[in-house]
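In this note's numbering, the protein residues as written are 4 to 310. Please read the structure below before turning to the comments.
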């Protein structure tokens, strides 16, 4: 639901120099303070286990008429604005507006070697991925304990795998990969999978960019997503988010948004390898060094600004 929680003010504040005393760094991990128990998703107590989750990602209704599509869009948009925790409403907005952009993403994936494999194998982010990530984090922590003295002597910065970093992100914010809403309004199975993949990749992108799941972090990430995918939901968040709700951010946070994160997002979104976000087989990269994967994809870590 964070996508439609981005309700900010467009008023620019003082120059960036006024936050010079704040911490600004691109070297340390920045996943934000622990969030309260997740309300991002609609959780179904009868949701499928990891063994059959791959075959039960969709709960598709019959194709909507143009009038039904418009009505669903208006109703879902109003619902999401009134109650940003309504993940079903946020998901519906993305589905009824995204067919054209999803078709373009599908074509791009079909032209990419990894993208084609993803479309054929249709990986999903489930319990098995989370379990493997947790194992990698345990290995990472063990190696840190065993090698602390040697690292201090050599003054080396310990590295971390993408999977271990993903596990830290999930544990820090009490998130679970199975919590994403199912597809309901896309009748084409290929487009349904592309949308599912987009939603499930979102937390991977938080880890790769170093952005926390906060208002600032979500908005910055949506700008990157917009450049890479062209999805209307990303455009709505990126363009419409700053238009309403000035009380969501402090004046300093609005300053950081425009003077730090907006330029960063434009630079990263345009500088990344084309279609990198959707054409990376993340489940095969869990054991890859996080820095190596970032470099390969062309991702510059987001600056950390303590506000």
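Just so you know, even glycine gets a beta-carbon here, dropped at the ideal spot from N, CA and C. Keep in mind it's a predicted model, so treat the numbers as computed, not measured.
Residue pairing by DSSP puts residue 164 in a beta bridge opposite 292.
Judged by beta-carbon spacing, residue 234 lies beyond the 9 Å limit of residue 285, meaning their Cβ atoms are not closer than that value.
Within its own chain, the residues whose Cβ lies closer than 8 Å to the Cβ of residue 107, once the five positions on either side in sequence are excluded, are 233, listed in chain order.
It is roughly 30 Å from the alpha-carbon of residue 265 to the alpha-carbon of residue 114. When 289, 259, 141, 144 are compared, the shortest CA-CA separation from residue 128 is found for 289. Going by C-alpha positions, residue 168 is about 9 Å away from residue 137. Distance from the CA atom of residue 130 to the CA atom of residue 173, rounded to whole angstroms, is 12 Å.
Under the Cβ criterion (8 Å, minimum of three pairs), the stretch 261 to 277 counts as touching the stretch 300 to 309. A direct Cα-to-Cα measurement between residue 296 and residue 165 gives close to 8 Å.
For residue 205, the enclosing alpha helix (DSSP H) begins and ends at 192 to 212.
An exposed status is given to residue 253, since fewer than 16 other beta-carbon atoms sit within 10 Å of its beta-carbon.
Using a Cβ-Cβ distance cut-off of 8 Å, the stretch 219 to 227 and the stretch 268 to 277 are in contact, since at least three pairs of beta carbons, one from each stretch, lie closer than that value.
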